[in-house]
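Chains as they are written, first to last, in the UniProt record's numbering: chain W, 1 to 598; chain C, 1 to 976.
Structure, as structure tokens:
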């Protein structure tokens with residue numbers, strides 16, 4: 001039986017370092033190639049030695065597909081392609097291709113220039129790596145080679161995020177990457193057609209969460225910001241440069257516009273401007289509203305949001321500042337936080353997940369005194385708010401996607417094991433399909449039962465149609481006679497005659513003959529006549545002929561009567577039928593065995 | 001009659017030879033008939049190639065064919081059809097047959113046989129489908145010919161087995177449009193080779209067989225046919241419910257979309273029937289089940305289906321309340337249908353934190369494992385349907401969901417309470433349309449709900465919105481809102497004042513809003529009055545500025561609350577009373593009359609103080625009636641004193657209209673009518689009638705102005721007031737005729753030429769005739785009136801010469817009695833006020849000559865019928881140029897019944913001026929007497945007389961609807 005093998009190298013019962021190997025129909029595909037934020041050693045990248053101990057990966061992989069530009073999905077790409085060695089095609093969508101190198105470069109700078117690591121990929125490597133990228137369009141079927149084809153679907157989450165369908169012959173796999181089923185201020189919702197893949201590999205970051213209505217969250221957020229600003233306080237929103245930041249910017253921008261507010265909004269510079277530029281460009285990847293109104297005004301051309309300068313932090317009066325990074329662990333956001341933490345009028349809003357150990361995590365857990373480097377302590381007086389604006393599908397969203405795609409199997413990655421367990425139970429219970437959640441390095445094998453397509457000759461089909469009822473019932477299988485020819489890697493179903501002709505064989509007739517002994521006092525011809533009338537009465541719809549030369553012919557069955565010399569009353573009836581009329585023939589023989597009615 | 005007169009007149013006076021009108025148009029038709037079909041025949045015979053033939057046919061199809069010649073054309077077409085071998089030409093012929101059988105007045109029975117015959121011989125699938133379509137058209141033309149329809153249905157049944165989807169589609173469509181459910185189909189008679197002996201079945205089961213067709217288009221057609229049956233009033237059996245439900249998870253969106261409708265139709269037919277729940281042995285009502293199914297479709301993959309589902313949800317009023325409430329609860333995921341008793345338990349499980357809301361940090365930390373057996377993530381149908389719908393990506397879906405919420409909430413107060421939070425959330429939508437819609441919806445359901453403080457808070461936050469529409473919608477909403485505490489009132493007031501200071505143009509709207517807020521919640525306002533008026537028990541506080549809009553706003557709130565709270569005035573300080581008097585006079589529509597202890601004298605108007613009270617309206621009405629009766633007692637207006645009485649009555653009525661807004665329409669109407677009478681009487685009394693003609697030029701001028709004024713007034717009477725009955729209109733027309741007669745006499749007296757008078761005479765007689773035509777039924781009320789006398793003399797009038805006519809008119813005019821007006825129930829005067837521009841600005845609007853400048857106009861219209869077509873904006877430039885601008889229909893908004901708001905932009909342009917100058921902007925009411933209320937009864941022959949100058953039926957004009965507003969503009973010469 002053919003099967004599909006799936007091995008996560010990263011993101012198996014874990015978040016971060018997404019890298020999943022799929023072998024399907026003899027093809028090997030790598031889905032995402034990310035890094036882990038939590039590690040600084042070798043564990044940071046997926047273990048490519050799983051694929052091969054030494055040498056390049058090119059001959060083991062048919063293609064690499066990157067779902068979106070977050071580093072936990074593409075961070076290891078230059079390492080894999082340039083340092084380990086891979087020359088095959090890398091597929092990603094246009095926005096991902098545009099933004100990915102910026103983030104990789106940033107990541108490289110931080111690791112090499114700031115932390116001073118060596119043996120890391122260089123700028124040149126990033127460039128070389130990007131040269132291997134083949135861009136994808138939404139809903140475009142790309143033929144990787146003769147048999148392997150891939151197709152991208154919209155996934156929401158971040159600009160350019162895609163779900164990918166991988167198809168070899170009739171077997172298919174869908175990998176979701178990260179996706180979001182509820183639209184937000186700048187992106188639409190993920191969508192897939194009823195493609196019924198053999199297996200759906202889905203992220204499960206929020207496997208146990210069902211979020212409140214997005215609008216409540218938005219309203220709360222706006223209200224909090226508005227109140228603080230009206231009070232004259234300052235609002236700090238630590239964000240990562242791309243993704244949520246843009247959503248929140250649009251949210252605040254439109255709110256400011258609607259409400260005619262005057263307080264300044266700043267966005268810490270750097271990556272952001274470049275990124276905003278791409279958001280402006282890839283307008284087709286955004287949501288309905290932005291797509292429809294960009295002719296009048298591109299929503300990403302912010303009127304109220306200005307670039308931030310370090311000196312602004314000390315300005316009096318209210319302001320809103322977006323600053324990186326999102327978990328308050330370093331950089332500008334932490335600096336501003338330190339400045340503003342002492343005033344209870346101010347507020348910090350954490351719009352997303354915070355890793356344990358970061359300042360963000362501490363203050364969210366209610367810590368009021370923070371120890372800073374150099375034994376200084378910081379009193380946290382400002383208000384701390386948490387607003388989940390994470391753009392992952394929640395439990396209901398995941399279920400909704402399953403319902404849309406109708407997969408035969410499910411596989412969960414990119415989530416915590418405990419939460420996955422819960423969702424796995426749910427999926428198995430609701431959809432009665434099997435669900436897997438392999439750990440890193442663990443292989444899941446799914447046996448597929450692909451249907452084998454066969455070409456059928458038109459003549460044969462028409463003949464069958466003519467025989468049967470008015471229309472074939474699509475829902476019911478039907479048997480038909482034909483000859484299956486397997487030749488040159490192709491399967492064809494043709495009529496027997498044609499098969500004989502093609503193969504140059506002559507037709508052999510196969511006839512069954514059978515003798516039935518019968519006690520009958522009449523003469524041979526009389527017996528035959530009686531048989532004829534008997535059959536005539538039993539088989540009404542068949543053509544029965546009494547041929548003068550002493551035979552009865554029912555369709556193609558020949559019936560003769562002879563009487564043995566020694567016992568004139570014992571008649572021997574000779575029945576002969578061809579293979580095709582087997583059914584009728586055996587029926588007749590049993591019928592005649594029972595004797596004739598007197 | 002007019003024609004008769006005309007002819008006679010022409011004989012007498014003119015030498016112009018008349019073109020006879022006797023040519024009968026019908027003759028022309030008869031001539032064209034053979035030529036048309038013949039031409040077609042020749043064309044088709046000439047055609048050498050199918051393309052040619054197709055061209056001829058296409059050309060032919062562009063022209064209409066008369067009913068009489070249709071049959072001939074059809075014969076020719078059929079003849080060619082049999083000969084034609086090209087599919088496309090046959091297809092076109094088939095479609096032409098269909099088109100032709102739609103011709104008015106043609107009975108397509110005769111085509112049926114031929115069409116069916118051609119059908120039997122046709123091989124091409126496309127042509128077959130087209131022929132079936134033709135049959136469908138024929139069938140719909142002959143709804144009562146049972147035999148024909150039966151034949152058509154048989155044909156459709158026969159072709160249902162076709163292998164081509166188009167043919168099956170058309171057959172299903174035919175069955176849907178023509179089939180009947182009650183009667184089983186007659187057994188097919190022909191036993192063709194493929195025909196199976198099928199049992200006798202009815203149309204419905206036949207159609208439902210095709211629910212499982214392999215082609216999605218056929219499946220869609222089958223469902224649509226079923227829906228068609230339903231639309232034609234057939235009762236659809238419940239048996240297909242399961243099939244319909246299954247189809248709603250079809251792979252194709254059009255199938256799903258149709259299936260959702262089907263499920264809905266069934267749920268409306270059999271709401272109470274019980275269906276089993278699969279995989280359990282319980283049962284629920286069908287309407288609940290289908291509600292769940294449709295809710296499920298709100299998260300469908302295709303937005304078209306989502307819109308459809310969301311819309312349909314709104315009309316399912318019979319659904320059980322607990323299912324309804326589930327739609328708003330995303331977290332409640334126990335399967336209510338299976339474990340109804342466990343409902344509460346399941347809710348607690350969720351409260352215990354299995355799922356996190358995402359609102360608080362780390363609240364999704366795993367806790368103890370709960371029993372998940374009763375927990376269902378997706379299959380519980382209705383769960384959170386609206387939550388999903390309101391969060392949808394496409395605003396079409398969101399709007400549909402909001403509307404559905406509205407209609408469901410209107411029928412269920414408890415649901416209204418629940419959906420409040422969600423609607424309030426929608427105030428934050430990114431699309432303004434959605435925001436606006438949700439505000440409107442909230443207003444519509446606001447009778448059911450009382451806003452809590454926190455809810456009010458979020459509602460009020462929208463007051464700062466920069467969109468005017470949103471703010472006004474919100475004011476409108478606040479007018480109807482109930483709030484629960486005095487803090488709410490305070491909060492609302494504060495926010496409204498903030499709104500007022502931020503957007504001063506909202507002044508009127510804010511005041512109005514506070515008026516309702518006050519009158520709705522007197523008891524809540526009472527405790528905060530001292531605070532609002534900033535009075536102090538011991539100290540005198542400074543008197544607030546009377547012109548401050550914010551202060552006025554507060555006063556409006558307080559005074560309206562005080563109306564039903566007699567203890568409140570005790571809390572007022574002295575200046576408050578003074579301000580009351582002032583406001584009562586200046587803003588009487590916002591400030592109600594208050595019974596102030598010992599303060600009656602301060603009220604500004606004596607009449608008001610005496611005339612008002614609980615029965616003020618009645619007494620005013622009585623007064624109105626009395627004055628009318630008094631006037632009607634006058635038989636002859638020429639008696640001394642009569643005119644004085646009339647004048648006084650007019651004055652009284654005008655004053656009454658000012659005081660009693662409810663009666664303003666009626667009073668004004670009467671006053672204007674009486675004024676017309678007065679003018680007429682005066683004109684007739686002028687000495688000129690006894691004077692010699694050459695001496696009376698001056699008087700002539702005076703009388704003719706009076707006559708013209710009367711004419712104008714009558715148009716105003718007719719078109720400016722709504723609620724008039726035929727009798728009043730007839731009276732108005734009577735007066736108008738009198739005025740016209742007056743004018744005619746004047747013309748006859750001043751002009752020497754007979755020709756001119758002749759034209760005027762003729763026109764006048766036409767007017768009289770049309771009066772007779774229009775108001776035949778009202779004539780009994782017009783005894784001794786001018787019109788009646790005229791009509792009596794009519795035979796003589798038509799026969800006599802113009803000069804005689806003038807003489808007759810003169811006497812009749814003087815003898816005729818004055819017609820008394822009977823007041824209809826309710827008369828409203830159309831009125832308009834331009835709110836913006838205010839005309840107070842001293843800064844000229846500067847723009848470059850030759851370019852345009854946009855002037856924002858904001859006006860309210862009251863009691864204007866059909867404002868989209870009648871209201872125009874007039875711009876009058878100082879040089880006398882006047883432009884009339886038609887506002888777009890989209891510029892009119894209807895905030896309330898009888899009220900229309902016009903917010904539009906007027907583009908101005910002019911050549912250069914040396915100095916800033918004022919232009920006048922005003923609103924006009926355009927009328928045309930052809931759109932008069934009576935014109936519906938216009939006889940048909942009138943149309944055939946196009947050649948004649950049409951009678952008064954095309955008088956068009958405009959009436960000033962509002963006071964003009966002056967705007968300073970300054971076109972500057974362009975700089976080179």
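Glycine included, every Cβ here is placed at the ideal spot set by N, Cα and C.
Within the segment 98-149 of chain C, the runs of alpha helix (DSSP H) that reach at least 4 residues and sit entirely inside it are, in chain order, 109-121, 125-141. Per DSSP, the beta bridge partners of residue 10 (chain W) are W:19.
Cβ-Cβ distances below 7 Å link residue 781 (chain C) to 727 in the same chain, with the five nearest sequence neighbours on each side left out; the list follows chain order.
In this chain, residue 168 (chain W) is not harboured by any alpha helix (DSSP H); it is covered by the beta strand (DSSP E) spanning 162-168. A direct Cα-Cα distance of roughly 51 Å separates residue 310 (chain C) from residue 80 (chain C).
Beta bridge pairing from DSSP links residue 927 (chain C) with C:957. Distance check between residue 72 (chain C) and each of C:854, C:100, C:798 places C:100 closest, using alpha-carbon atoms only. Against chain C, the beta carbon of residue 463 (chain W) has no neighbour under 9 Å; the closest one sits roughly 14 Å away. At the C-beta level, residue 420 (chain W) and residue 204 (chain W) come within 7 Å of one another. Under the three-state reduction of DSSP output, residue 511 (chain C) falls in the helix class.
Every alpha helix (DSSP H) stretch that sits fully inside the segment 229-284 of chain C and reaches 4 residues is listed by chain position as 241-247, 253-269.
Residues of the segment 428-447 of chain C with a Cβ closer than 7 Å to any Cβ of chain W, in chain order: 428, 430, 431. Under the DSSP definition of a beta bridge, residue 669 (chain C) lacks any partner. Residue 46 (chain C) and residue 54 (chain C) have their alpha carbons spaced roughly 12 Å apart. With respect to residue 304 (chain W), residue 253 (chain W) sits close: the two C-beta atoms are nearer than 7 Å.
A straight line joining the alpha-carbon of residue 40 (chain W) with that of residue 71 (chain W) spans about 14 Å. DSSP places residue 854 (chain C) within a strand segment (E or B) once states are collapsed to three. In the same chain as residue 304 (chain C), and ignoring 5 residues on each side of it, the C-beta atoms closer than 7 Å to its own belong to 253, 257, in chain order. Rounded to the nearest whole angstrom, the C-alpha separation of residue 24 (chain W) and residue 326 (chain W) is 39 Å. In the DSSP annotation of this structure, the continuous segment of the beta strand (DSSP E) that includes residue 350 (chain W) starts and ends at 347-350. Of all residues in the segment 12-40 of chain W, none places a beta-carbon less than 8 Å from a beta-carbon of chain C. Put simply, the CB of residue 182 (chain W) is near chain C, with a gap under 7 Å to one of its CB atoms. Our two residues, residue 842 (chain C) and residue 855 (chain C), have alpha carbons roughly 15 Å apart in a direct line. In the DSSP assignment, residue 93 (chain W) forms a beta bridge with W:136. Non-local beta-carbon contacts of residue 716 (chain C) in its own chain, meaning distances under 8 Å to residues more than five positions away in sequence, involve 672, 959 in chain order. Burial state of residue 92 (chain C) is buried, judged by a 10 Å Cβ sphere holding 16 or more other Cβ atoms.
For residue 515 (chain W), the three-state secondary structure derived from DSSP is strand.
Using a Cβ-Cβ distance cut-off of 8 Å, the segment 217-234 of chain W and the segment 429-440 of chain W are not in contact, since fewer than three pairs of beta carbons, one from each stretch, lie closer than that value. In the DSSP assignment, residue 208 (chain C) falls within the alpha helix (DSSP H) that extends over 203-209. The straight-line gap separating the alpha-carbon atoms of residue 369 (chain W) and residue 379 (chain W) is approximately 5 Å. Inclusion of residue 52 (chain W) and residue 60 (chain W) in the CB contact set at 7 Å is warranted, their separation being smaller than that value.
Residue 473 (chain C) carries a helical assignment under DSSP once its states are collapsed to helix, strand and coil. Contact check for residue 553 (chain C) and residue 497 (chain C): beta-carbon distance about 6 Å, within the 8 Å limit, so the pair qualifies. Counting along the chain, residue 577 (chain W) sits inside the beta strand (DSSP E) bounded by residues 570-578.
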